[in-house]
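Residue numbers (the UniProt record's numbering), protein chains in the order written: chain A, 1 to 335; chain B, 1 to 148; chain C, 1 to 505.
Built from N, CA and C at the ideal position, the CB exists for glycine as well.
Because the structure is a prediction, the values reported are computed rather than measured.
Here is the structure we will look at.
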Amino acid sequence: MQTRILAATTAGLLASVMGFSTALAQEDQAGQDYVGGDEVTVLMGFKPGGGSDALAQLVQPFLADEMGVNFVNQYQPGAVGAIAWTRLAKQIEPDGETISITNTPMLMTNYIMNEAITYDISELTPIANIVTDPGVVVVAKDSPYKNFDDLINAAKENPGTVTVGNSGVGGDDWFSTIILSKEAGVEFQTVPFQGDGPSWTAAMGGKIDASFNNVGITYPQIEAGNLRALAVFAEERLPSLPDVPTAKELGYDVVAGSSRGYSAPAGLSEEARQQLANGLQRVTEDPEFQKAAADRAMNIDFMGPEKYTAYLQDQEQRFIEVWDEIKDEVQGSGS
Amino acid sequence: MGRILVAIAAIALAVFFRVEAADYRIAASRLPDVVGAVLILLSVMLIVQVLMSWRKASAQGELTIFPKVEPRAILLGVAFIVLIFAYAWSIQTIGYLVATPVFLLVVLVVLRPIHWLWTIVITATVTLVIWAIFIYFLKMPILLYPGS
Amino acid sequence: MTESFLLAGLLNVFDPANLLAIVAGTLIGIVVGSMPGLSATMAIALLLPLTFAMPPETGISMLAALYLSAMYGGSIAAILLRTPGTPAAAATVMDGYPMAMKGKAGQALGISLTASLIGGVISSIVLLTFAPLLGSLALHFGPVELFAVAVLGITIVGSLSSGAMIAGLFSGVLGLLIATIGMDPTTGTPRFTFGELNLFSGVPFTVALIGLFSIPQAIRLILQGDANKDAAVSSIADRMLPRFKEFRALLPNIVRSGGIGVMTGLIPGTGGDTACWFAYNEAKRFARNKHEFGTGCPAGIAAPEAANNAVVGGALVPTIALGIPGSSSTAVLLGAFMVHGILPGPTLMTDHAEITYTLLWAVLFANIALFIVGLLFTRLCVSVTKVPNRVVAPIIVVLAVVGSFALNNSYFDIMLMLVFGMIGFAFDEFKIPTAPLVIGLILGPILDASLQQSMLIGQGSWMIFLENPISAVLLAIALFSILQATPIFGLAKKLRYRSSGPRNL
């Protein structure tokens with residue numbers, strides 16, 4: 001009895017909420033129909049609320065309009081995305097009905113650093129890259145390190161005592177710390193945190209000397225003056241941070257960041273790949289989308305299928321080289 | 001007796017983890033090693049505690065190492081546990097919409113706590129309500145029926 | 001400046017659309033919270049695209065109401081089924097279920113609802129008044145301080161296992177050991193995973209929790225049958241809300257627990273799952289009737305429930321003031337801001353103050369909505385106690401299996417849940433307390449990561465924990481708690497009583 005009443009209330013509630021989503025789906029359809037059907041599942045390797053989720057929440061409503069396809073997120077978090085990506089590479093049919101958000105460097109560092117992770121990028125069809133969030137070095141506003149050289153010099157004078165946070169082992173910030181240490185010939189005491197937030201928060205609270213993060217995540221704090229950016233790991237200065245020098249212009253060849261794009265399993269038909277890539281390209285060219293992305297401090301960096309594939313392969317090569325050099329230091333004996 | 005078995009199992013786990021952790025770097029094995037050692041110590045203390053209570057009980061002539069349990073209860077308990085595992089396994093092979101009603105029906109038909117009409121109503125309602133919330137609304141990607 | 005935003009926010013909340021959104025969010029939150037395996041975080045993430053079509057303040061109000069009411073929802077299943085609907089309701093099981101067994105399920109839920117209301121209101125007031133001031137407090141909690149918090153939390157194990165000290169400690173330490181499974185936080189070494197990818201991120205705590213509580217309960221109900229059912233039936237008409245006298249007796253406890261909840265919420269990295277145990281422990285420490293805890297004591301329900309609702313406001317403080325998410329749910333809430341083009345950060349209180357203050361008021365009003373909706377909804381739920389045990393048992397199993405799958409969409413987690421179900425069953429049979437194991441599982445990962453990070457920051461010296469004032473104080477309290485549980489302290493207390501005579505007993 002009571003169960004039935006409960007069921008009725010829930011069903012009513014659900015029905016009213018569902019009304020919303022169908023209304024959303026019935027947008028006008030542009031161009032020809034997508035070959036992968038009218039509902040695409042987006043496999044998410046991370047929990048709701050993370051960077052991948054933010055990208056999905058931003059891109060997919062625009063993409064749904066553009067292609068007349070409904071996008072449904074399916075969260076399968078765990079092992080830094082490796083559970084979802086292993087499934088994508090090994091189990092999902094390349095019929096275009098399921099795609100995934102792929103992040104560098106984790107997409108590659110996962111299997112480079114762990115033997116137990118067995119997929120690799122040759123088992124995927126990269127579709128397009130959407131955003132790249134360049135790396136940045138931040139310190140607290142009252143930090144004694146006024147500029148990047150102060151930090152490097154401090155690390156030179158007292159090797160291994162300057163504490164530098166990052167978002168976790170195998171992440172882009174962790175790699176850029178290592179690459180910078182090699183470039184500058186200094187030794188930092190790296191402190192891996194679980195995620196970007198705890199790392200920059202620790203720097204802001206003076207718990208560590210500096211934090212290597214990404215611009216998009218720390219931008220509001222830099223803007224508000226709570227954090228000071230010492231350098232960015234980009235090719236050129238960023239329009240959003242015109243006063244912050246690039247590591248490159250300071251003489252350290254470090255260009256790093258985390259990129260997010262979409263990929264499908266290997267064997268995806270060329271037609272589906274082009275349709276998705278074209279749809280994504282149109283989205284990134286939409287001024288409304290550009291404004292929304294800018295509001296979220298997301299740095300659009302569109303790469304089409306060929307360019308994205310080449311980029312992933314190039315990055316993979318780089319990470320393998322770095323990892324071979326430092327492997328023993330990090331994981332010690334055994335593996 | 002049960003506590004001793006649990007304690008022995010815990011010692012086995014702790015020793016096994018210690019052997020595994022021997023290959024790890026110091027930072028990775030620091031906490032597991034300490035915790036494992038404490039666990040072994042506590043397990044031993046737990047065993048000693050049980051043995052002491054046995055000694056006390058045997059001095060009073062009331063020693064029972066294996067408490068008497070009704071055979072029917074053991075049969076029922078074991079059967080239910082087996083059924084739970086069978087359900088968990090079958091949900092990934094024959095799917096939610098088949099496994100769930102079958103599981104509910106088996107329990108309700110065998111034990112017959114309620115009238116058969118209610119059995120059917122409850123089986124259908126529970127299957128559907130959970131389907132509505134988890135699968136229809138939250139889009140949980142679980143297998144629904146074989147081959148779906 | 002602030003006053004005008006306060007007022008604008010208040011007026012916004014009274015917009016019918018926003019009030020409706022709050023009520024809808026409350027309903028969804030209670031349902032989601034009462035289902036084991038469905039978390040507020042997940043529900044917020046899935047509803048996010050729907051709020052896209054709403055004005056920002058409406059959407060955000062709905063999600064905040066959902067977050068808050070899920071905290072209460074978790075206690076429904078904890079009290080009626082001995083299966084916490086959310087990790088934050090784990091401590092509610094301790095006294096909630098025994099009270100329901102005494103035929104006072106309605107009353108237990110009433111206490112939970114009242115405590116939730118007051119805990120929530122306390123934290124909303126803190127949020128509305130002190131958010132900018134307290135926000136910077138979150139910055140004081142780095143790895144060193146967090147380690148001390150975790151150590152303090154572990155001392156709770158001692159007081160939870162009174163009467164079975166060795167068994168309780170054993171259980172807690174086993175929890176800590178199991179918590180070390182997974183990728184090591186500072187070297188990335190996969191520990192004790194045996195190449196199983198699903199274990200790389202560790203044992204998902206909620207999966208373990210579902211198994212530990214629900215499976216043993218289902219087995220017990222099957223074995224018990226309905227032989228002595230009459231004693232356990234709660235009459236639906238029984239009074240839900242506590243009488244004024246009872247309420248007044250509980251109030252200091254609720255306020256203290258609310259304070260604990262706000263503090264725990266403030267600290268980034270700890271949330272409702274930790275706060276409920278801290279509050280339960282303190283309620284017991286301050287109570288005169290310590291021995292009644294665990295047998296259906298009202299204070300044992302009020303404390304965790306006030307605390308877990310107060311966490312919501314606490315966790316929102318650093319979120320609002322600085323853009324630092326205090327918990328995974330607030331991280332998703334920040335996502336909701338982003339969907340509406342508001343970049344979470346220190347500008348929330350300035351550039352976007354109108355929307356932010358609407359959110360803060362919405363949290364306050366959601367507490368009241370929760371109370372009213374909760375009263376109606378809970379009355380329905382109490383009737384669960386009328387369903388025969390052997391019907392409830394298989395339904396619990398179905399919920400546990402589906403819920404553990406839903407968390408990460410993983411079949412592996414179903415099996416993992418059953419493994420913990422067997423551990424829980426063995427523990428119950430052999431009278432080893434399960435609660436310390438839960439605490440070990442919650443605090444293990446925090447302890448591990450913060451210890452390793454502190455060691456890196458302190459160049460490998462343990463002195464770092466004593467040089468830091470916050471951690472030194474917390475560790476001293478922890479030491480005091482341990483001593484309090486040992487015979488030495490008991491002896492001293494006895495001596496004092498003897499000299500001054502027993503008072504108030």
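Tell me the DSSP secondary structure of A:I208 in three-state form.
Numbered from its first residue, the first sequence carries residue 208 of chain A at position 208. The answer is coil: DSSP assigns A:I208 none of H, G, I, E or B.
Where the beta strand (DSSP E) containing A:D301 begins and where it ends:
Taking the first sequence and counting its residues from 1, one reaches residue 301 of chain A at position 301. From DSSP, the beta strand (DSSP E) with A:D301 extends over 300-303.
Status (buried if at least 16 other CB within 10 Å, exposed otherwise) for A:D324:
Along the first sequence, one-based indexing puts residue 324 of chain A at 324. Answer is exposed; the Cβ neighbour count stays below 16.
Return no unless some Cβ of chain B is closer than 7 angstroms to the Cβ of C:F420.
Within the third sequence, residue 420 of chain C is the residue found at index 420, counting from 1. No, C:F420 lies away from the interface with chain B (no Cβ there is under 7 angstroms from its Cβ).
What is the rounded straight-line gap between the Cα of C:D15 and the Cα of C:G25?
Working through the third sequence from its first residue, we reach residue 15 of chain C at position 15. Working through the third sequence from its first residue, we reach residue 25 of chain C at position 25. Distance between the alpha carbons of C:D15 and C:G25: 15 angstroms.
Does the beta carbon of A:D173 sit closer than 7 angstroms to a beta carbon anywhere in chain C?
Along the first sequence, read from residue 1 onward, the residue named residue 173 of chain A stands at position 173. So, not an interface residue.
Chain-ordered residues of the segment 56-88 of chain A with a beta carbon less than 8 angstroms from chain B
V72, Q74
Helix, strand or coil for A:L238? Go by DSSP, reduced to three states.
Indexing the first sequence from 1 puts residue 238 of chain A at position 238. A:L238: strand per DSSP, three-state reduction.
Can you list, in chain order, the residues of its chain whose CB lies under 7 angstroms from that of A:P192, leaving out five sequence neighbours each side?
By 1-based counting over the first sequence, the position of residue 192 of chain A is 192. Once the five neighbours on either side are set aside, the close Cβ partners of A:P192 are N166, G168, V169, W174.
For the alpha helix (DSSP H) containing A:M44, name the first residue and the last one.
Position 44 of the first sequence, counting from 1, holds the residue named residue 44 of chain A. A:M44 -> not in any alpha helix (DSSP H); beta strand (DSSP E) instead, spanning 39-44.
Measuring straight from C-alpha to C-alpha, what distance separates B:V98 and C:P98?
Locating residue 98 of chain B in the second sequence gives position 98, counting from the first residue. Locating residue 98 of chain C in the third sequence gives position 98, counting from the first residue. The straight-line gap from Cα to Cα measures roughly 35 angstroms.
Just checking: is the beta-carbon of B:L138 within a distance shorter than 7 angstroms of some beta-carbon in chain A?
Here residue 138 of chain B corresponds to residue number 138 of the second sequence, with the count starting at 1. So, not an interface residue.
What does DSSP give as the partner residue(s) for A:S71 in the beta ladder?
Reading the first sequence from its first residue, position 71 is the one you call residue 71 of chain A. The amino acid occupying residue 71 of chain A in the given sequence is Phe; Ser does not appear at that position. A:V40.
Between B:W54 and C:F170, what straight-line distance do the alpha-carbon atoms span, to the nearest angstrom?
Residue 54 of chain B sits at position 54 when you count from the first residue of the second sequence. Residue 170 of chain C sits at position 170 when you count from the first residue of the third sequence. Using only the alpha carbons, I get a separation of about 20 angstroms.
Using a Cβ-Cβ distance under 7 angstroms, would C:L7 count as near chain B?
As a position in the third sequence, residue 7 of chain C is number 7, starting the count at 1. Judged by the 7 angstroms Cβ criterion, C:L7 is not in contact with chain B.
Entirely enclosed beta strand (DSSP E) segments - the segment 213-283 of chain C, minimum 3 residues
none
Kindly say whether residue 171 of chain B, judged by its beta-carbon, lies nearer than 7 angstroms to any beta-carbon of chain A.
Because chain B in this structure spans residues 1 to 148, residue 171 of chain B falls outside the shown range and cannot be described.
Determine whether the Cβ of A:D324 lies closer than 7 angstroms to any Cβ atom of chain B.
Within the first sequence, numbered from 1, the residue matching residue 324 of chain A stands at position 324. Chain B, which has no Cβ nearer than 7 angstroms to the Cβ of A:D324, makes this no.
C-beta contact flag for C:A283 and C:N253 at 7 angstroms
Here residue 283 of chain C refers to the residue found at position 283 of the third sequence. Here residue 253 of chain C refers to the residue found at position 253 of the third sequence. Cβ atoms of C:A283 and C:N253: closer than 7 angstroms.
Using a Cβ cut-off of 7 angstroms, pull out every chain A residue sitting near B:P32, in sequence order please.
Locating residue 32 of chain B in the second sequence gives position 32, where the first residue counts as 1. Ordered by position in chain A, no residue passes the 7 angstroms Cβ test against B:P32, which lies about 14 angstroms from the chain.
Minimum C-alpha distance to A:E236 - residue among A:R87, A:I320, A:A224, A:E249
Stepping through the first sequence from its first residue, residue 236 of chain A is reached at position 236. Taking only the C-alpha atoms, the option nearest A:E236 is A:E249.
Taking C-beta pairs closer than 8 angstroms, name the residues in chain C that B:I130 reaches, listed in chain order.
Against the second sequence, residue 130 of chain B aligns to sequence position 130. In chain order: V398, L399, V402.
So what does DSSP say about A:V255, is it helix, strand or coil?
Looking up residue 255 of chain A in the first sequence gives position 255. If DSSP states are grouped into helix, strand and coil, A:V255 belongs with coil.
Residues near B:T100 by beta carbon distance below 7 angstroms, same chain, minus five either side
As a first step, residue 100 of chain B must be located in the second sequence, where it is residue number 100. So the list reads T127, once near-sequence residues are dropped.
For residue 506 of chain C, which residues does DSSP report across the bridge?
No answer is possible for residue 506 of chain C: the residues shown for chain C start at 1 and end at 505.
Using the C-alpha atoms, what's the distance from B:L143 back to B:I91?
By one-based count along the second sequence, residue 91 of chain B stands at place 91. By one-based count along the second sequence, residue 143 of chain B stands at place 143. Cα-Cα distance, rounded: 7 angstroms.
At a cut of 8 angstroms, does the segment 83-94 of chain C reach the segment 321-339 of chain C through at least three beta carbon pairs?
no
Between the alpha carbons of C:T155 and C:C276, how many angstroms are there, rounded?
Here residue 155 of chain C corresponds to residue number 155 of the third sequence, with the count starting at 1. Here residue 276 of chain C corresponds to residue number 276 of the third sequence, with the count starting at 1. When rounded, the distance between both Cα atoms is 14 angstroms.
What is the rounded straight-line gap between the Cα of C:I79 and the Cα of C:I60?
For the purposes of this step, residue 79 of chain C is identified with residue 79 of the third sequence, where counting begins at 1. For the purposes of this step, residue 60 of chain C is identified with residue 60 of the third sequence, where counting begins at 1. The straight-line gap from Cα to Cα measures roughly 30 angstroms.
Euclidean distance between Cα positions of C:L19 and A:P48
The residue given as residue 19 of chain C occupies position 19 in the third sequence. The residue given as residue 48 of chain A occupies position 48 in the first sequence. Near 26 angstroms, if we compare the C-alpha coordinates of A:P48 and C:L19.
Which chain A residues are close to C:M349, counting only those with a beta carbon under 7 angstroms from its beta carbon?
As a first step, residue 349 of chain C is located in the third sequence; it is residue number 349 there, counting from the start. Under the 7 angstroms cutoff, chain A gives no residues; its nearest Cβ is about 10 angstroms from C:M349.
Residues near A:V139 by beta carbon distance below 8 angstroms, same chain, minus five either side
As a working note, residue 139 of chain A is residue 139 in the first sequence. So the qualifying residues of the chain are Y145, L151, A203, D209, A210, S211, L227, R228, L230.
Beta-bridge pairing of A:T98 - partner residues as DSSP gives them:
Residue numbering aside, residue 98 of chain A sits at position 98 when the first sequence is read from its first letter. Its beta-bridge partners are A:T41.
Quick one: using the 10 Å Cβ neighbour count with 16 as the cut-off for buried, is A:N158 buried or exposed?
Position 158 of the first sequence, counted from the first residue, corresponds to residue 158 of chain A. Its Cβ having fewer than 16 others within 10 Å, A:N158 is exposed.
Is C:D428 close to chain B? Criterion is C-beta to C-beta, closer than 7 angstroms.
Locating residue 428 of chain C in the third sequence gives position 428, where the first residue counts as 1. Not one chain B Cβ lies under 7 angstroms of C:D428.
Excluding the 5 residues flanking A:Q60 on each side, which residues of the same chain have their C-beta closer than 6 angstroms to its C-beta?
Sequence index remark: in the first sequence, residue 60 of chain A carries index 60 (1-based). The answer, listed in chain order, is F71.
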